[in-house]
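Data first, discussion second: the structure below is written as structure tokens.
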Amino acid sequence: MTDVIAVTGLTKIYGDKRVVDDFDITVPRGAIYGFLGPNGSGKTTTIRMLCGLLTPNAGQGTCLGFDIRTEADRIKEQVGYMTQKFSLYEDLSIRENLDFIGRMYRVKNRGERVAAALDDLGLANRASQLAGTLSGGWKQRLALAACLLHDPKLLLLDEPTAGVDPKARRDFWDEIRRLAGQGVTVLVSTHYMDEAVQCDRIAYIAYGRKLIDGPSAEIPQQVGLETWRVEGPDLAALETRLKSMPGIVQVARFGSSLHVSGTDRQAFEKAVNALKAEGTHRWSQQIAGLEEAFIYLMAGSQDNFAAAPDEAASP
Ligand SMILES: Nc1ncnc2c1ncn2[C@@H]1O[C@H](COP(=O)(O)OP(=O)(O)OP(=O)(O)O)[C@@H](O)[C@H]1O
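In this note's numbering, the protein residues as written are 324 to 638.
Written out as structure tokens, the structure is:
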């Protein structure tokens with residue numbers, strides 16, 4: 324089995340709303356697969372269908388070689404799922420939480436495994452502390468340790484670093500890469516661009532529909548942005564002007580420069596050439612990166628609660 328996840332047509336309907344609509348995904352073994360999209364776009368619902376926690380209204384496929392509809396129990400045994408909200412018991416100690424998870428998964432040599440996890444975490448001397456008293460970064464590390472206790476082959480991480488400081492996020496990603504190097508497959512949802520860049524592949528979802536999917540290095544090309552970088556005086560005023568010009572679809576501030584993008588080459592170049600002719604700023608052509616592509620996609624779909632699905636069909 325080379326594909327750890329292979330599903331097609333996944334659909335989930337709540338009331339009259341298709342919160343996940345005809346979703347396909349293939350995740351190869353050992354990949355770090357980024358799952359991006361605005362709030363309410365259906366990422367959590369999809370993750371839950373993939374591991375058999377939710378039954379889809381339509382669609383089929385396998386996770387870890389097991390049928391997502393009929394073999395959910397087998398899938399759950401081999402998946403480590405880190406939920407968006409801290410899901411350990413705040414009023415149990417760190418050790419009690421790990422021990423409880425170990426029991427649930429019938430982990431062999433449980434005492435040793437829990438002790439090793441506490442050592443790895445650097446929490447051995449605080450094992451009796453209540454989990455609820457840990458800081459956000461430590462809670463996240465504990466949650467990751469807990470979902471690794473049974474040696475899962477697949478990690479499903481739902482916004483694991485939300486609200487965590489940059490150092491803790493970096494450490495977390497070092498650990499994710501180490502695990503992927505050992506052959507663990509990782510599907511991770513995130514809103515952070517610096518994390519998206521670290522993924523081998525990315526799927527972008529809005530209103531339950533997949534808008535784009537590919538190797539992260541190829542996403543900017545798929546989005547098709549032409550980009551220029553502008554430096555010079557009074558960028559705020561220039562930004563306002565640029566935003567009102569036809570052909571310009573995005574103006575993003577990057578430090579002391581603006582990255583100006585368009586998708587219709589002719590209209591875009593006409594706008595850029597008019598401003599360049601004024602001679603007030605330095606213009607240099609830029610290859611659009613994942614960051615520009617991501618800002619563009621996010622801007623096009625904003626928050627999924629804010630508009631009707633038909634308005635989100637294209638970014
Ligand atoms: N049990 C449910 N009943 C009704 N609607 C639901 C249910 N679960 C999720 N939804 C709706 O489905 C949509 C997708 O939610 P989901 O949590 O999957 O999105 P998400 O992309 O994970 O969002 P976020 O980034 O905010 O976590 C939302 O509009 C949500 O309100």
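Idealized CB from N, CA, C, for every residue including glycine.
Quantities reported herein were computed from a predicted structural model and do not represent experimental measurements.
Is it the case that the CB of N362 approaches a heavy atom of ligand 1 more closely than 8 Å?
Yes, the Cβ of N362 comes within 8 Å of a heavy atom of ligand 1.
From this set, I336, L444 and D347, which residue's C-alpha is nearest K533's C-alpha?
Per the Cα distances, D347.
Quick one: which unbroken alpha helix (DSSP H) runs of 4-plus residues sit fully inside the segment 580 to 616? Chain order, please.
Segments of the alpha helix (DSSP H) lying fully in the segment 580 to 616: 588 to 599.
On the CB-based measure, 16 or more other CB atoms within 10 Å of its CB, does G504 come out buried or exposed?
Exposed, since its Cβ has fewer than 16 Cβ neighbours within 10 Å.
What does the alpha-carbon distance come out to for the pair L639 and Q589?
Shown here, the chain extends from 324 to 638; a query on residue 639 therefore has no answer.
Would you report the Cα separation of P638 and A450, rounded to the nearest angstrom?
The predicted position of P638 is uncertain, since its pLDDT is 41 and thus under 50; a value taken from the coordinates is nonetheless stated next. C-alpha separation (whole angstroms): 48 Å.
Going by DSSP in three states, V350 sits in which element: helix, strand or coil?
Strand.
For L411, which residues in the same chain have their Cβ closer than 7 Å to its Cβ, ignoring the five residues on either side in sequence?
Closer than 7 Å at the Cβ level, and outside the excluded window around L411, lie N420, A454, L465, A466 and A469.
Which class does C470 belong to by DSSP, given the choice of helix, strand or coil?
Correct three-state label for C470: helix.
Per DSSP, what kind of secondary structure is Y530 in: helix, strand or coil?
DSSP places Y530 in coil when its eight states are reduced to three.
What is the DSSP secondary structure of S539, reduced to helix, strand or coil?
Three-state result, S539: helix.
If I measure Cβ to Cβ from Q407 and keep anything under 6 Å in the same chain, skipping five residues before and after, which residues do I get?
Excluding sequence neighbours, Q407 sits near D481 and E482.
Which runs of the alpha helix (DSSP H) at least 4 residues long sit entirely within the segment 456 to 503? Give them in chain order.
Qualifying alpha helix (DSSP H) stretches, in chain order: 459 to 471.
Which ranges would you report for the beta strand (DSSP E) in the segment 340 to 421 if only whole runs of at least 3 residues count?
The segment 340 to 421 contains these whole beta strand (DSSP E) runs: 340 to 351, 355 to 359, 381 to 386 and 402 to 405.
By the DSSP assignment, the alpha helix (DSSP H) with V511 in it spans what residues?
Element bounds for V511: not the alpha helix (DSSP H) but the beta strand (DSSP E), T508 to S512.
Count the other CB atoms within 10 Å of the CB of S567; is the residue buried (16 or more) or exposed (fewer)?
Under this definition S567 is an exposed residue.
Expressed to the nearest angstrom, what Euclidean distance is found between the alpha-carbon atoms of I528 and P361?
Their Cα atoms are separated by approximately 8 Å.
Whether or not the segment 553 to 565 and the segment 599 to 613 are in contact is what I'm after, with contact meaning three or more pairs of Cβ atoms, one per stretch, closer than 8 Å; do they touch?
Cβ pair count under 8 Å is three or more, so yes.
Am I right that V402 and P475 are in contact with their C-beta atoms under 8 Å? What's the rounded C-beta distance?
Yes, V402 and P475 are in contact; Cβ-Cβ is about 5 Å, under 8 Å.
Tell whether a beta-carbon distance below 9 Å holds between R492 and G357.
No, these two residues do not count as a Cβ contact at 9 Å.
Would you mind working out which of L620, M405 and D345 sits nearest K462, comparing C-alpha positions?
For the residues L620, M405 and D345, the minimum Cα distance to K462 belongs to M405.
Provide the residue span of the beta strand (DSSP E) that contains D326, from first to last.
From DSSP, the beta strand (DSSP E) with D326 extends over D326 to Y337.
Pick out whichever of N380, T349 and V546 has its Cα sitting closest to the Cα of D339.
For D339, the nearest C-alpha among the options comes from N380.
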